[in-house]
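As structure tokens, the structure follows; a few thoughts come after it.
Now the structure itself:
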């Protein structure tokens, strides 16, 4: 495989250890699966969540949820103290959970944490961490973001599906979790032998009207009208190094004026800054390369609360590249001591929490100081992270992973698609 293929599909040739399973172990796993399936039912004291039962008790506190891909656990970080409250075995993991608007929308026990798991997306009730809804997209590579009002979840399902989905994300709705619109984009084709444009990632304009989708195999940036659920604009993304532009991840600023896009072009990758003052017609302002001081292999990004600074996760150089969005320059690089692929803001948008997968840590970056102010030990190979203003009360979280761990190990369920250094066990 080429370097690019190895980065995109790190597990393509790996053995998953599922080809030979004894009936005894399978039955044990099936029993565990049955336990998982009923995990949302109420307990004797009526406090467990899910299934229309009394919601689980929650603690009101700004919290970051870190998904440890190595052992399918979740570490809960208290934002006020920057301490790990507990690490829970939940039996699923996520690499790119919804984290753009979710932190301020998730404030009650039944609200969902939206995750990319297996061949689709799932919503876990934040109070119990039990599965509330699950949607199969026909693809193992999924990205999702909830709209600012919490009504829709917009999903990009890359190969082999090459589809966009809109899902009812309101837990109070009668159609919660159902697909309300779908867009098949295979007819657009893709570079080389790809049978579609490869919609990769999704970020939503703060006005809630438009979603931006970088197309990895189409070398385009696609703008979706969320209400009509149709393509309104498609911008060609030419290369500046290598032979193809390869846009694959993106983040729109809180003020809606700027969009950051990560590119997998060349050996080291590039970063572009777009003007979105006209939300339906983005225009590229500048493309940053390693010659401009950008770290290697930019994968995802987050943007500061005043929309003036971008933090680009560059795992190829084990750091975060800090970008002045107005000037279009890299101002500094923050060392992490390991590879980080994503990060998330706490609900108050003051500190950035960065899972460092290769060191089993989370680095906390203070936005005002532009530096790491805390290092937290978490579970095995942390990758994705999101946040909320509540978390499960002590002992209230569903221990689905404890009961279903054997089933997950044998069936390969509960895994997630990662890019780069991937310990998730998932294959497309």
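Residue numbers (the working numbering): -16 to 411.
Positions of the beta carbon are idealized from the N, C-alpha and C atoms, including for glycine.
Every value quoted in this text rests on a predicted model; they were computed, and no experiment measured them.
Which of the three DSSP states is assigned to residue i in this structure?
i	result
residue 107	strand
residue 398	coil
residue 300	helix
residue 279	coil
residue 17	Low local confidence applies: a pLDDT of 32 at residue 17 is under 50, so the model's placement there is unreliable, with the coordinate-based value given in what follows. Of the three classes helix, strand and coil, the one that applies to residue 17 here is helix, per DSSP.
residue 388	Caution is warranted here: a pLDDT of 46 is assigned to residue 388, below 50, making its placement in the model unreliable, and no coordinate value can be reported.
residue 26	The pLDDT assigned to residue 26 is 32, lower than 50, so where the model puts this residue is not dependable, and the model offers no usable value.
residue 45	strand
residue 290	coil
residue 38	coil
residue 403	coil
Quick check on this structure: which residue in the options has the alpha carbon closest to the alpha carbon of residue i?
i	options	result
residue 151	135, 145, 143 and 140	135
residue 273	265, 263 and 299	299
residue 146	123, 156, 153 and 132	123
residue 280	359, 252 and 99	252
residue 255	113, 102 and 295	295
residue 213	313, 231 and 149	149
residue 288	396, 189 and 164	189
residue 399	195, 51 and 306	51
residue 81	259, 283 and 291	283
residue 327	347, 177 and 193	347
residue 96	403, 374 and 246	374
residue 259	211, 231, 121 and 204	204
residue 324	70, 262 and 78	78
residue 106	160, 320 and 360	160
residue 264	215, 40, 231 and 57	215
residue 192	208, 185 and 350	208
residue 266	277, 242 and 176	242
residue 321	312, 239, 306 and 337	337
residue 140	45, 231, 56 and 222	231
residue 403	308, 376, 307 and 297	297
residue 397	48, 352, 270 and 55	55
residue 175	194, 223, 227 and 187	227
residue 169	162, 177 and 42	177
residue 307	268, 345, 167 and 344	268
residue 275	312, 144, 39 and 303	312
residue 68	366, 364 and 360	360
residue 144	179, 116 and 53	179
residue 100	121, 234 and 185	121
residue 39	103, 343, 245 and 91	91
residue 224	247, 210 and 211	247
residue 249	235, 221 and 239	221
residue 157	182, 166, 165 and 116	116
Looking at the unbroken beta strand (DSSP E) that takes in residue i, where does it start and where does it end?
i	result
residue 256	253 to 258
residue 58	56 to 61
residue 199	From DSSP, residue 199 is part of no beta strand (DSSP E); its letter is neither H nor E.
residue 250	Looking at the DSSP string, residue 250 is not in any beta strand (DSSP E), and its letter there is neither H nor E.
residue 240	That residue, residue 240, is in no beta strand (DSSP E); it is neither H nor E in DSSP.
residue 267	266 to 271
Are any of the Cβ atoms in chain D nearer than 8 Å to that of residue i?
i	result
residue 329	You won't find chain D in this structure, because it holds only one protein chain.
Within the segment 66 to 141, note down every full alpha helix (DSSP H) run reaching 4 residues or more, in order along the chain. Inside the segment 66 to 141, DSSP marks whole alpha helix (DSSP H) runs of 4 or more residues at positions 85 to 88, from first to last along the chain.
Suppose only complete runs of 4+ residues qualify. What are the alpha helix (DSSP H) ranges in the segment 306 to 379, listed by chain order? None, since the segment 306 to 379 contains no complete alpha helix (DSSP H) of that length.
Could you tell me whether the segment 200 to 208 touches the segment 355 to 370, where touching means 3 or more Cβ pairs closer than 8 Å? no
Please give me, in chain order, every unbroken run of the beta strand (DSSP E) with length at least 3 that falls completely inside the segment 142 to 180. 146 to 151 and 162 to 167
Check whether the segment 107 to 115 touches the segment 354 to 361, taking contact to mean three or more Cβ pairs, one atom from each stretch, closer than 8 Å. no
At what residue ranges does the segment 180 to 232 contain a whole run of the beta strand (DSSP E), taking only runs of 3 or more? 193 to 198, 203 to 208 and 213 to 219
Does the structure place the segment 115 to 132 close enough to the segment 81 to 91 that three or more beta carbon pairs sit under 8 Å? Touching, yes, given that three or more Cβ pairs across the two stretches are closer than 8 Å.
Is it a yes or a no for the segment 50 to 67 touching the segment 329 to 344, going by three-plus beta-carbon pairs under 8 Å? yes
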